[in-house]
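The listed protein sequences derive, respectively, from chains A and B. Mapping the first sequence onto UniProt numbering, position 97 (from 1) lands on 97, and the numbers just tick up by one. Mapping the second sequence onto UniProt numbering, position 115 (from 1) lands on 115, and the numbers just tick up by one. C-beta atoms are modelled at their ideal positions from N, C-alpha and C, and glycine is treated no differently. Just so we're clear, the structure is a prediction, and the values are computed from it rather than from any experiment. This report concerns only the one structure given below.
Protein chains: 2
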Amino acid sequence: MTTIHDVARHAGVSAATVSRVLNGHRTVDETLAGRVRAAATELGYSPNILARNLRKSQTNLWAVIISDVNNPFFTSLVRGVEDVGQQAGYSVLLCNSDENPDKEASYITAVLAQQIAGVIISPSSRPDNMAQLVEGSRAVVTIDREVQEVETDAVLVDNERGAQAATAHLIEQGYSRIACITGPRKVSTATSRLRGYRQALRDAGRTFDTNLVRYSDFRETGGREAMADLLDSGARPDAVFATNNLMTVGALETLAERGLGIPDPVGVVGFDELPWAELVRPSLSTVAQPTYEVGRTAAQLLLKRLENPDERFTVITLPTTLNIRDSSRR
Amino acid sequence: MTTIHDVARHAGVSAATVSRVLNGHRTVDETLAGRVRAAATELGYSPNILARNLRKSQTNLWAVIISDVNNPFFTSLVRGVEDVGQQAGYSVLLCNSDENPDKEASYITAVLAQQIAGVIISPSSRPDNMAQLVEGSRAVVTIDREVQEVETDAVLVDNERGAQAATAHLIEQGYSRIACITGPRKVSTATSRLRGYRQALRDAGRTFDTNLVRYSDFRETGGREAMADLLDSGARPDAVFATNNLMTVGALETLAERGLGIPDPVGVVGFDELPWAELVRPSLSTVAQPTYEVGRTAAQLLLKRLENPDERFTVITLPTTLNIRDSSRR
DNA sequence: CTGTTAGCGCTTTCAA
DNA sequence: TTGAAAGCGCTAACAG
Numbered sequence: 001m002t003t004i005h006d007v008a009r010h011a012g013v014s015a016a017t018v019s020r021v022l023n024g025h026r027t028v029d030e031t032l033a034g035r036v037r038a039a040a041t042e043l044g045y046s047p048n049i050l051a052r053n054l055r056k057s058q059t060n061l062w063a064v065i066i067s068d069v070n071n072p073f074f075t076s077l078v079r080g081v082e083d084v085g086q087q088a089g090y091s092v093l094l095c096n097s098d099e100n101p102d103k104e105a106s107y108i109t110a111v112l113a114q115q116i117a118g119v120i121i122s123p124s125s126r127p128d129n130m131a132q133l134v135e136g137s138r139a140v141v142t143i144d145r146e147v148q149e150v151e152t153d154a155v156l157v158d159n160e161r162g163a164q165a166a167t168a169h170l171i172e173q174g175y176s177r178i179a180c181i182t183g184p185r186k187v188s189t190a191t192s193r194l195r196g197y198r199q200a201l202r203d204a205g206r207t208f209d210t211n212l213v214r215y216s217d218f219r220e221t222g223g224r225e226a227m228a229d230l231l232d233s234g235a236r237p238d239a240v241f242a243t244n245n246l247m248t249v250g251a252l253e254t255l256a257e258r259g260l261g262i263p264d265p266v267g268v269v270g271f272d273e274l275p276w277a278e279l280v281r282p283s284l285s286t287v288a289q290p291t292y293e294v295g296r297t298a299a300q301l302l303l304k305r306l307e308n309p310d311e312r313f314t315v316i317t318l319p320t321t322l323n324i325r326d327s328s329r330r
Numbered sequence: 001m002t003t004i005h006d007v008a009r010h011a012g013v014s015a016a017t018v019s020r021v022l023n024g025h026r027t028v029d030e031t032l033a034g035r036v037r038a039a040a041t042e043l044g045y046s047p048n049i050l051a052r053n054l055r056k057s058q059t060n061l062w063a064v065i066i067s068d069v070n071n072p073f074f075t076s077l078v079r080g081v082e083d084v085g086q087q088a089g090y091s092v093l094l095c096n097s098d099e100n101p102d103k104e105a106s107y108i109t110a111v112l113a114q115q116i117a118g119v120i121i122s123p124s125s126r127p128d129n130m131a132q133l134v135e136g137s138r139a140v141v142t143i144d145r146e147v148q149e150v151e152t153d154a155v156l157v158d159n160e161r162g163a164q165a166a167t168a169h170l171i172e173q174g175y176s177r178i179a180c181i182t183g184p185r186k187v188s189t190a191t192s193r194l195r196g197y198r199q200a201l202r203d204a205g206r207t208f209d210t211n212l213v214r215y216s217d218f219r220e221t222g223g224r225e226a227m228a229d230l231l232d233s234g235a236r237p238d239a240v241f242a243t244n245n246l247m248t249v250g251a252l253e254t255l256a257e258r259g260l261g262i263p264d265p266v267g268v269v270g271f272d273e274l275p276w277a278e279l280v281r282p283s284l285s286t287v288a289q290p291t292y293e294v295g296r297t298a299a300q301l302l303l304k305r306l307e308n309p310d311e312r313f314t315v316i317t318l319p320t321t322l323n324i325r326d327s328s329r330r
């Protein structure tokens with residue numbers, strides 16, 4: 001291992017000067033700086049990151065805490081984060097909270113212990129976790145979901161409008177008993193999307209019927225059970241809007257099991273794109289989120305916050321796109 | 001920040017003793033150890049990981065270098081790694097080489113610079129990268145693909161047998177002109193799976209026809225183009241075996257575009273499970289890999305290697321499962 | 001079994 | 001503008 005002292009000796013300067021040059025402090029004479037850079041390349045020097053971390057009490061790591069690595073929504077997002085982070089010299093730690101507040105809490109503890117530079121998080125339903133994270137961390141950007149109790153930079157999508165567009169589309173296709181399978185009551189995306197659904201019904205002069213609404217868990221089995229329950233309960237839905245991709249898959253499975261055709265007698269629109277939505281037969285109508293963009297934008301906010309810790313918080317809301325395919329077109 | 005010295009003072013011992021107790025060295029008197037533990041909890045002490053990292057010249061981080069985060073094969077694998085790693089006190093860095101040897105090289109450099117404790121990698125086609133990684137890293141486990149030139153612990157699946165079973169199944173269903181879309185010539189999974197395909201043909205007394213083989217890139221568009229080329233070339237395939245999930249998707253897209261029915265006139269079997277294989281119509285026959293298990297096993301090998309750097313290398317080969325669904329059944 | 005001591009390699013005052 | 005020196009908090013070699 002060549003150290004900063006080796007470079008210093010080789011260039012005939014002190015270690016402090018080498019440090020200054022390599023960190024881009026402009027206060028060094030150009031001649032010396034040149035000598036230092038030459039020595040560094042000649043010796044193949046690269047600074048010991050661990051020593052730097054200790055000295056600065058901070059790593060060059062980011063953490064992304066998401067609720068499900070298996071959900072393509074998040075993987076695409078992670079790429080967006082990674083692309084920006086790597087550019088700026090950060091490596092990305094992936095943490096998978098699994099929609100489980102305890103697991104989230106343990107990751108937050110780990111993140112604080114590691115002295116991670118910045119955190120991008122899709123928060124679970126426990127606001128205390130977020131409070132602790134924000135308290136102990138240098139920079140936090142919230143994605144996907146809002147947390148009322150804690151203020152941070154955030155990147156969201158226009159959930160309400162997306163849900164409204166999806167529901168309005170189903171209405172316009174002549175469906176009359178449109179069900180909604182949404183996520184946990186405490187998760188903002190679940191409630192916003194439900195609100196959009198409700199708004200579309202109201203706009204169309206329809207009544208909002210709680211018999212047609214199910215609160216589930218954003219998972220495949222949850223969607224499956226919610227759909228079964230809707231069919232068995234006598235609510236007689238002729239269409240369903242599911243507020244995330246996995247629950248949509250679950251709903252489709254139930255419909256297939258029951259031998260119910262799509263889009264007739266039952267129309268389907270899902271929130272979130274499925275990677276192979278075109279291959280599913282009939283092809284699936286979705287409200288698509290700009291997932292990669294969400295990740296990229298969050299990473300950019302994080303970068304800004306790291307540079308400028310005292311700036312006011314920004315919240316960016318990105319638009320969704322309604323992709324009308326065969327599952328809702330009759 | 002409470003430091004080890006605070007705890008030492010509080011417990012009336014030296015910092016070294018505190019360190020010993022907290023690291024589980026058994027050479028400390030139980031009375032003292034108890035006092036230390038009491039002091040530590042009372043003060044809410046947690047060791048500074050950055051200092052420990054510097055001192056030990058090693059982080060408590062693992063890196064997983066994979067070729068595509070968007071591929072569900074890898075995300076499930078990452079979970080397996082993460083579950084084991086977290087248990088043992090490691091955090092997992094996710095690196096996305098994107099099937100690009102240059103990107104892989106840059107991640108390897110980063111991993112070495114970070115002094116990552118252990119690396120799990122699905123190597124690209126550039127053996128030099130692996131050589132450099134193995135040279136500079138404490139522990140490396142290879143997954144998914146073999147690299148001839150470099151010896152490491154490894155977790156593989158029985159690609160040849162899986163491919164053979166898939167092809168034999170197509171033969172048994174009465175398909176006579178079975179094509180194979182495989183990956184890059186330099187990637188072992190591509191060649192092993194092709195070998196299995198070939199073996200099945202031989203076993204059935206069929207001739208191996210290179211006109212029915214395409215080397216592609218393990219990506220969706222690659223599979224799409226390869227399928228189109230097969231159809232346009234006059235090779236007249238009546239079935240296709242694609243050697244990974246994304247290329248299978250591509251092939252399905254081409255077949256749909258051309259209005260060719262599945263399983264008639266064209267049968268399809270893919271390697272790797274698709275997350276919603278059941279929803280694709282017709283449902284897709286696949287050779288499934290135990291992805292989560294691959295990750296878990298690799299992590300366990302890594303743990304072992306870290307404990308025991310001089311042990312002989314182990315290579316574990318896990319079995320695949322042929323899931324026969326509608327796309328190949330006529 | 002325990003304490004003293006000496007760094008790990010870097011950044012950053014502080015003084016020149 | 002530069003260098004000397006201190007020290008981030010920890011672990012491990014060594015001595016007792």
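Within chain A, partners of residue i - CB distance below 7 Å
i: A110 (chain B); result: S91
i: V249 (chain B); result: W276 and L279
Euclidean distance between Cα positions of residue i and residue j
i: V28 (chain B); j: A8 (chain B); result: 14 Å
i: residue 342 (chain A); j: R198 (chain B); result: Not covered by the structure: residue 342 (chain A). The range shown for chain A is 1 to 330.
i: E293 (chain A); j: S176 (chain A); result: 35 Å
i: A163 (chain B); j: R325 (chain B); result: 16 Å
i: T125 (chain B); j: G118 (chain B); result: Just to set this straight, residue 125 (chain B) is Ser in the shown sequence, not Thr. C-alpha separation (whole angstroms): 21 Å.
i: T41 (chain A); j: S14 (chain A); result: 17 Å
i: S91 (chain B); j: V81 (chain B); result: 10 Å
i: V150 (chain B); j: A110 (chain B); result: 20 Å
i: V18 (chain A); j: L54 (chain B); result: 20 Å
i: T297 (chain A); j: R161 (chain B); result: 45 Å
i: D102 (chain B); j: D217 (chain B); result: 16 Å
i: G234 (chain B); j: G250 (chain B); result: 20 Å
i: T248 (chain A); j: G24 (chain B); result: 49 Å
i: residue 331 (chain B); j: E257 (chain B); result: Here chain B comprises residues numbered 1 to 330, so residue 331 (chain B) is not present and cannot be evaluated.
i: E104 (chain B); j: T182 (chain B); result: 22 Å
Nearest to residue i (by Cα), restricted to the options the options
i: D232 (chain B); options: B:T221, B:V249, B:S216 and B:N211; result: B:N211
i: L252 (chain B); options: B:R202, B:Y215, B:G234 and B:P282; result: B:P282
i: R138 (chain B); options: B:L322, B:F313 and B:P309; result: B:P309
i: W62 (chain B); options: B:I121, B:T182, B:R26 and B:D68; result: B:I121
i: D98 (chain A); options: B:Y107, B:T75 and B:L93; result: B:T75
i: I4 (chain A); options: A:A51, A:G34 and A:T31; result: A:A51
i: A131 (chain A); options: A:I116, A:I143 and A:V147; result: A:V147
i: G44 (chain B); options: B:D6, B:T248, B:R20 and B:P72; result: B:D6
Within chain A, the residues that residue i reaches when beta carbons sit closer than 9 Å
i: V213 (chain B); result: Chain A residues near V213 (chain B): none, gap ~24 Å exceeds 9 Å.
i: R312 (chain B); result: Within 9 Å Cβ-Cβ: nothing; R312 (chain B) doesn't reach chain A, min ~28 Å.
Partners in chain B for residue i, counting only beta-carbon separations shorter than 9 Å
i: P263 (chain A); result: Chain B residues near P263 (chain A): none, gap ~14 Å exceeds 9 Å.
i: Q115 (chain A); result: N48, I49 and L50
i: V280 (chain A); result: W276, L279, V280 and R281
Beta carbon of residue i nearer than 7 Å to that of residue j
i: A299 (chain A); j: G85 (chain A); result: yes
i: S327 (chain B); j: V287 (chain B); result: no
i: I316 (chain A); j: V155 (chain A); result: yes
i: A16 (chain B); j: A39 (chain B); result: no
i: R330 (chain B); j: D272 (chain B); result: no
i: V157 (chain A); j: L318 (chain A); result: yes
i: T189 (chain A); j: N159 (chain A); result: yes
i: R224 (chain B); j: T254 (chain B); result: yes
i: A226 (chain A); j: R214 (chain A); result: yes
i: N96 (chain A); j: V69 (chain A); result: yes
i: L112 (chain B); j: G136 (chain B); result: yes
Under 8 Å by beta carbon: chain A residues contacting residue i
i: L94 (chain B); result: V78, E82, V92, L93 and L94
i: N70 (chain B); result: P72, T75, S76, R79 and P275
i: S57 (chain B); result: L50
i: N53 (chain B); result: L50, N53 and L54
Amino acids of chain B, ordered along the chain, whose beta-carbon sits closer than 8 Å to that of residue i
i: N244 (chain A); result: Per Cβ cutoff of 8 Å: no residues; N244 (chain A) is ~14 Å from chain B at best.
i: E253 (chain A); result: E278 and L279
Give the list of continuous beta strand (DSSP E) stretches no shorter than 3 residues that lie fully inside the stretch 161–247 of chain A.
178–182, 213–215 and 239–242
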